[in-house]
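This report refers to the structure that appears directly beneath it.
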Amino acid sequence: MKIHLLVAALLATIISSGTSAASTGGVNNANTEQSNEDPLGLRQLPQDESFAACILIMDDNHRLIEWLAYHYHTMPLRRVIVMIDPRSKTSPLPVLNRWEKYMKMDLWSDNDLFTVEELKDRADKEMIKNHRSRQRAFNVKCLTTLKEEGAKWTLMTDVDEYTRINPRALDSSEGIYQTDIAPMQLSEPGSILKMLNKGVDLNDERLHAQEWKACIPVSRVQLSGTESSDEEVNNKFPKELEPTILAKDFDTFRWRYSGVDTITAKDGVLPGKTFIDVSSIPDSEMWRLIGDPHRPIDKLCKGGNVWLNTNETMFVADHILGTLESYSLRDDSRFFDRVLTWQQRKEVGGLTDLHDELRPWLSGFIDTMGIGESRRLLANVGQLQAQTHALPRCSINFFGLPRSFKSMALPSIVKNILLPNARYNCDIVVHYYDIQFDEGGRFNRGGEIDADAVHALKEVSKVIAANAGKSPPSWKETSYSVKTNVIDNIAMQWNSIQSAWQLMEEHSKVHGFEYERVAFFRTDSFYALPVDIFQVDKDTFDYNNRYAVIPAFARYPVNDRMMYGPYEAVKIWATERFQRIDHYIESSEIKGYGMHQERYIANGILPAIREETGYEVVENIDICFYRTRAADSV
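Under mature numbering (1 follows the signal peptide of the UniProt record, and there is no 0), residues -21 to -1, 1 to 613 are what the sequence shown spells out, in order.
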């Protein structure tokens, strides 16, 4: 049997720089007192000669800069309504204001969508339900507003998606080939609308334009997080933007490999997006607006056309995964799922399918706008807005035998331990036993153990650390062997706890700091509720670091399964069980329970903590978790 020691470091939170996003109040913030100056004559295009867009964003400034410039040039985009998520830590207003000479923009908040009563009701709903209802409500009102304004074509995508002409539509060997259209490059201003207006027959059933020709599906291509060489990324990059703006700052230059995202794909196909011609929707049919980002209008956008492959649509959108940092930046309702699927998404497609169709846009944009104006509009492109906040130094330590870790323990650890404590800038230490089969016991049926699944914590820690604005966590590993017949389960657990503490201590000494608060959690547990390591109960936080905390359930006579609190208090709980056991047995008035863990903790360890450190040990009734078993049960 081998024992592996692992350290994954540095969880933190993100306190973003930039203007607060809390109050937008329905004011046309990005368009207030807009300048009448339009030196290039680019803003005042007739609405049937330009695109509008509805976009919902959250902390996307680094992408918004490129997305606006790209679609301004290629669509051409001239009208934008932006909805900001109320949990955003940065405001898009500074970015939107750059475009006041060229595009008309509105910035909306929840107050523009919901009544006071609806806002109160939303406060009691789950995050993901709020996100979906906000998205649908925004799409409905945005499309309605644009129709009332007289807009025509409207883009329904996200800021991590870049729309382009499908090269298959210009390939005579493809089923969607358009015979009467000359090839167009993205370097040409307005190339997408020119393609749509000049020569495309919307009655062609291959385009799936559907009733009233109001809904044109856009298939999506998933680009992976696989990096290319510097030479490949720099290909066709306008050198006049350097050195303050580099090719690797642009999603449209940096990411080139595509593949099938099995997380969200259906039979290898991602759900598509749409172009909506709001002017062609009869007023009598506006009630059909449902706000689904993939199918905004019931009946007019047929459900089956959501799942079209890239050989079936005139236009496609490249969906960007991006860097670990940008992928993990948004702490939205889907962040939990993104944490668990990062590695799988990053590696889609391997190194086979290459896409360089997007990169010509930038040279055309500079030719149109001029280098000086291009620099202004593209300033800080791809740069994340983040800064860390100084919080008490802490360590979250995991120990024990990882039964049902991947299927049960890991998701609950991510959701209810790592994420709730990310703001405290904790390091992570893991000690586990590399045992492949559990023989079972009194309450455990036994079964196989995938001990290597613990390594998933490494990738999880990377994503969460990136979300916190930190560098990728360090990872150290060592192992040694012991004989299973020498120590029983109790001693193994004590050894695991003590080993995790020793590795934590080594890490702190190497880096020259001391921990103030330490937490210990089992690896074989399903954590049903969030555990905040500074929380004494649901209403009390111990930021003065005065209390050690244990759970209040499974009291035999106390719960011995976890603890968090001040360094000195937890040190006794974690490291002094072996050295104190002989004295405890000799001095105990009740014989026969020497290594009974709960009795030993209650009558030997906890009194020592109180007497020798002066810290009180309290029971938190709001902690709830279940022991996991090897057979995927609790």
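Think of the CB as a built atom: it goes at the ideal place given N, C-alpha and C, for glycine as much as any other residue. Please read these numbers as outputs of a predicted model, since none were measured by experiment.
State the DSSP-derived secondary structure class of residue 350, mapped to helix, strand or coil. Numbered from its first residue, the sequence shown carries residue 350 at position 371. Here residue 350 sits in helix by DSSP.
What distance in whole Å lies between the Cβ atoms of residue 539 and residue 591, which are believed to be in contact at a cut-off of 8 Å? To locate residue 591, count along the sequence shown from 1; it is residue 612. To locate residue 539, count along the sequence shown from 1; it is residue 560. Residue 591 to residue 539, Cβ: 19 Å. No contact.
What ranges does the alpha helix (DSSP H) occupy inside the segment 284 to 346, keeping only unbroken runs of at least 4 residues that lie completely in it? Counting whole runs of 4 or more residues, the segment 284 to 346 contains the alpha helix (DSSP H) stretches 303 to 307 and 314 to 325.
Buried or exposed by the 16-neighbour rule on C-beta atoms within 10 Å, applied to residue 508: Reading the sequence shown from its first residue, position 529 is the one you call residue 508. Residue 508 should be labelled exposed.
Alpha-carbon to alpha-carbon, residue 392 and residue 83: As a first step, residue 83 is located in the sequence shown; it is residue number 104 there, counting from the start. As a first step, residue 392 is located in the sequence shown; it is residue number 413 there, counting from the start. Taking the straight line from one Cα to the other gives about 45 Å.
Report buried or exposed for residue 515, applying the criterion of at least 16 other Cβ atoms within 10 angstroms of its Cβ. As a working mapping, residue 515 is identified with position 536 in the sequence shown. Buried, by the Cβ-count rule.
Euclidean distance between Cα positions of residue 490 and residue 42: The count along the sequence shown starts at 1 and reaches residue 490 at position 511. The count along the sequence shown starts at 1 and reaches residue 42 at position 63. About 35 Å.
At least three beta-carbon pairs within less than 8 Å, the segment 320 to 337 to the segment 218 to 226: No, the segment 320 to 337 is not in contact with the segment 218 to 226.
Alpha-carbon to alpha-carbon, residue 609 and residue 519: Here residue 519 refers to the residue found at position 540 of the sequence shown. Here residue 609 refers to the residue found at position 630 of the sequence shown. Each residue's alpha carbon lies about 36 Å from the other.
Taking residue 59 as the reference, which of 115, 197 and 122 has the closest Cα? Along the sequence shown, one-based indexing puts residue 59 at 80. For the residues 115, 197 and 122, the minimum Cα distance to residue 59 belongs to 122.
What residues match up with residue 544 in a beta bridge as DSSP calls it? In the sequence shown, residue 544 corresponds to position 565, counting from 1. In the DSSP output, where bridge partners are listed per residue, residue 544 has 497.
Exposed or buried, which one is residue 152 when buried takes at least 16 other CB atoms within 10 Å? Counting from 1 along the sequence shown, the entry for residue 152 is found at position 173. Counting Cβ neighbours within 10 Å, residue 152 comes out exposed, since fewer than 16 surround it.
For a quick check, are the C-beta atoms of residue 542 and residue 531 less than 8 Å apart? Position 563 of the sequence shown, counted from the start, is the residue given in the question as residue 542. Position 552 of the sequence shown, counted from the start, is the residue given in the question as residue 531. Contact flag unset, no.
Fully enclosed by the segment 131 to 203, which beta strand (DSSP E) runs are 3 residues long or longer? Here the runs fully enclosed are 132 to 135, 140 to 144 and 194 to 202.
Rounded to whole angstroms, how far is the Cβ of residue 579 from the Cβ of residue 594, which I believe are closer than 8 Å? Against the sequence shown, residue 579 aligns to sequence position 600. Against the sequence shown, residue 594 aligns to sequence position 615. Not quite, the Cβ-Cβ distance comes to about 19 Å (not below 8 Å), so this is no contact.
May I ask you to report which of helix, strand or coil DSSP gives residue 1? As a first step, residue 1 must be located in the sequence shown, where it is residue number 22. Model confidence at residue 1 stands at a pLDDT of 32, short of 50, so the residue's coordinates are unreliable and nothing is read from them.
Rounded separation between residue 73 and residue 359 - CA only: Position 94 of the sequence shown, counting from 1, holds the residue named residue 73. Position 380 of the sequence shown, counting from 1, holds the residue named residue 359. Residue 73 and residue 359: Cα-Cα distance of roughly 11 Å.
Buried/exposed call for residue 51, threshold 16 Cβ in 10 Å: The sequence position of residue 51 within the sequence shown is 72, counting from 1. Residue 51 is buried by the Cβ-count criterion.
Which two residues bound the contiguous alpha helix (DSSP H) that contains residue 574? Start at 1 with the first residue of the sequence shown, and residue 574 comes out as number 595. Premise fails: residue 574 is in no alpha helix (DSSP H) and is neither H nor E.
How far does the alpha helix (DSSP H) with residue 615 in it reach, from first residue to last? The structure shown does not extend to residue 615, since the chain is modelled only from -21 through 613, so no value can be given for it.
Proximal residues to residue 597 (C-beta, below 7 Å), its chain only, five neighbours per side dropped: Within the sequence shown, the letter at position 618 stands for residue 597. Excluding sequence neighbours, residue 597 sits near 515, 526 and 528.
Extent of the continuous beta strand (DSSP E) run through residue 86: The count along the sequence shown starts at 1 and reaches residue 86 at position 107. Boundaries of the beta strand (DSSP E) harbouring residue 86: 83 to 87, taken from the DSSP string.
Need the endpoints of the alpha helix (DSSP H) that residue 232 sits in, please. Locating residue 232 in the sequence shown gives position 253, where the first residue counts as 1. Taken as a continuous stretch (DSSP letters only), the alpha helix (DSSP H) holding residue 232 covers 230 to 233.
Helix, strand or coil for residue 72? Go by DSSP, reduced to three states. On the sequence shown, position 93 is the one that residue 72 refers to. It is helical.
Would you list, in sequence order, the uninterrupted beta strand (DSSP E) runs of no fewer than 3 residues that lie entirely inside the segment 26 to 76? Entirely contained in the segment 26 to 76, the beta strand (DSSP E) runs reaching 3 residues are, in chain order, 30 to 36 and 56 to 63.
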